[in-house]
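A.B. asks:
In the UniProt record's numbering, the protein residues as written are 1 to 126.
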């Protein structure tokens, strides 16, 4: 399952850059948990080139435990970096936005990812 994460707010460019670098530092742990990450946009080395479409990172998760690893990585970044932006998680057109306060709470982040996982699952017999 592909999940896209975008950052929205007054300092979203800097926060996205910080989050992406943090997640790259956690890439070994995420990969070990089965989560892969791909940046979809411009260059992180060109701060003046960033825009709304740039601030997206995509994750590939196949199993429930992988959402836990991703939620821990995101919540850990949030606790270490005061953020003023909201995050939107998206999968197949279903979007869940978490406010800066909600990002502080690991169970809330995990619940949002689980909701995306469970959204639009095909029903038996279709």
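Where is the CB? At the ideal position from N, CA and C, for every residue including glycine.
Given that a residue counts as buried once 16 or more other Cβ atoms are within 10 Å of its Cβ, and exposed if not, what is residue 118?
C.D. replies: Classification for residue 118: exposed.
A.B. asks: Only counting the same chain, and skipping five residues up and downstream in sequence, which positions put a Cβ closer than 7 Å to that of residue 67?
C.D. replies: Answer for residue 67: 61, 110, 113, 114, 117, listed in chain order.
A.B. asks: Per DSSP, residue 58 is paired with what?
C.D. replies: Per DSSP, 4, 38.
A.B. asks: May I have the straight-line CA-CA distance separating residue 52 from residue 99, to the nearest angstrom?
C.D. replies: Residue placement at residue 52 is poorly supported in this model, since its pLDDT is 44, which falls under 50; the coordinates still yield a value, given next. Roughly 17 Å separates the two Cα atoms.
A.B. asks: Comparing alpha-carbon positions, which option in 8, 37, 94 lies nearest residue 70?
C.D. replies: 37
A.B. asks: Inspect the beta-carbon positions of residue 106 and residue 59 and report whether they are closer than 8 Å.
C.D. replies: no
A.B. asks: Buried or exposed: which applies to residue 139, given that a residue is buried once 16 or more other Cβ atoms fall within 10 Å of its Cβ?
C.D. replies: Any answer about residue 139 is impossible in this case: the structure gives the chain only from 1 up to 126.
A.B. asks: Return yes when at least one heavy atom of the ligand FMN lies under 7 Å from the C-beta of residue 77, else no.
C.D. replies: As presented, the structure is devoid of all ligands, the ligand FMN included, so that no description of it is given.
A.B. asks: For residue 97, which residues of its own chain have a beta-carbon under 6 Å away from its beta-carbon, when the five flanking residues on both sides are left out?
C.D. replies: 86, 88
A.B. asks: Under 8 Å between the Cβ atoms of residue 15 and residue 3?
C.D. replies: no
A.B. asks: Which of the three DSSP states, helix, strand or coil, is assigned to residue 78?
C.D. replies: Three-state DSSP puts residue 78 in a helix.
A.B. asks: Report the partner residues of residue 90 according to the DSSP bridge assignment.
C.D. replies: 4, 95
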